[in-house]
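Everything on this sheet refers to the single structure shown next.
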Amino acid sequence: YSNYNQVYFNNRGKVPDEERHLRREIEVQEIETNIFSVKDTFVMANIFEKPITEDDKKTSHAIINVEANNNEKAVQLDIYKSDESYSMNDIDGSPDCTVMMIRGAEEFYARESSGDCDGMTNVYTLSKKHLFVRMGKDSGINTKEPYKLNESRPFQCYVDIPGVSGGRDLPYKRYEPFYIHDQGGTFEILTDHEKRNLVFRLVRVDWEINNHIGVFTRDVMVLYAEERTDEGYKINGYTFTEPDITRVGINFKWMLVSCFMESNKFATPFM
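In structure tokens:
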């Protein structure tokens, strides 16, 4: 889950700096039946100013045990502080935070929480597409609006320079593989000859505002081709299409980039 969309619209809506959410990504994996590991990362740098490094990230780890609580008529989340090893010994029956989730029309929402939930992945609402997490009391951000993180999908990408097309037998250099997600996932390359620092970003945009009065702005998938130069950050171009597609590409002739969920090596041929 990533809140790239929220950060983008914070900026576009000119939200005051003191009320803006930090860039946040949460990775959830099942490690045993009903037991999940949580890697919760804040990105403390602007992706448009510099490449993001591990030093720019602040990461915490937790284990969530999920079970039905029939007495409370709820789904109980017991959250334990952990580290990147996710030791099962941490699950000792004394969780640091407990959240009771109630089923709504299309989501589960938190009815109540108990324990020391501040500074943890304090789940507020969970749906098929979104994860809302409460603000920490010591976040330093002057807002009660929760973090809104969108579920992401994994993609694999490659870049060809130049962008040979149409089956032409011309020499080119392929840069691959790069693994990103569609919620602001980014990768960079430094070209061999011209030493250009090219940046590529994939965003499944969940529009929060309309661009024109009386016109509904539909969600889209966008692939950006950008570049870091001595003069600053610039966009060479981008392509956009329907939000649920599973592959997208763009060809400028001097450069081609392709991103996909399933490689052509494994795709089923069709007529």
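Per my numbering, residue 698 is the first one in the sequence shown, and the count goes up by one each step. Ideal Cβ positions, reconstructed from N, Cα and C, are used throughout, including at glycine.
Out of Glu848, Asn766 and Asp835, the CA that lies nearest to the CA of Gln703 is found in Glu848. Using a 10 angstroms sphere on the CB of Ile886, the tally of other CB atoms reaches 16 or more, which defines it as buried. When the alpha-carbon of Ile947 is set against those of Gly710, Glu873, Val861 and Arg721, the nearest one is in Val861. By the CB criterion at 8 Å, Leu774 and Met798 fall inside the cutoff. Within the same chain, Cβ atoms closer than 7 Å to the Cβ of Asp903 are found at Asn702, Asn847 and Asp916, the five residues on either side in sequence being excluded. Ile776 places its beta carbon less than 8 Å from that of Ala759.
Comparing alpha-carbon positions, the option among Arg721, Tyr821 and Tyr705 lying closest to Tyr698 turns out to be Arg721.
Inter-residue distance for Asn700 and Asp866 is about 42 Å (C-alpha atoms, whole angstroms). Put simply, the backbone Cα of Phe875 is about 13 Å away from that of Asp857. For the 8 Å CB-CB criterion, Arg808 and Tyr821 do not form a contact. DSSP places Arg831 outside both helix and strand once states are collapsed to three, so it counts as coil. Here DSSP, grouped into helix, strand and coil, assigns Arg720 to strand. Inter-residue distance for Ser955 and Lys892 is about 21 Å (C-alpha atoms, whole angstroms).
The criterion of a C-beta distance shorter than 8 Å is not satisfied by Tyr930 and Ala922. The Cβ atoms of Leu895 and Glu924 sit closer than 8 Å to each other. Here the alpha carbons of Lys736 and Thr756 stand approximately 7 Å from one another.
The beta-carbon distance between Phe897 and Thr888, rounded to whole angstroms, is 13 Å. This is too long to meet the 8 Å contact definition.
The beta carbon of Lys950 is closer than 7 Å to those of Pro859 and Gly860 in its chain, skipping five residues each way along the sequence. Assigned with DSSP and collapsed to three states, Met952 falls in coil, not helix or strand.
Fully contained in the region 900-951 are the following beta strand (DSSP E) runs of length 3 or more, in chain order: 917-926, 929-938 and 944-948.
Closest in C-alpha terms to Val900, from the list Phe852, Ala802, Asp752 and Val796, comes Phe852.
Given a length threshold of 3 residues, each whole run of the beta strand (DSSP E) inside the region 830-883 is given here in chain order: 844-847, 851-858 and 870-878.
Taking a C-beta distance under 8 Å as the contact criterion, Val740 and Ile749 qualify as a contact pair. Annotation: Thr738 to Asp780 spans about 13 Å, alpha carbon to alpha carbon.
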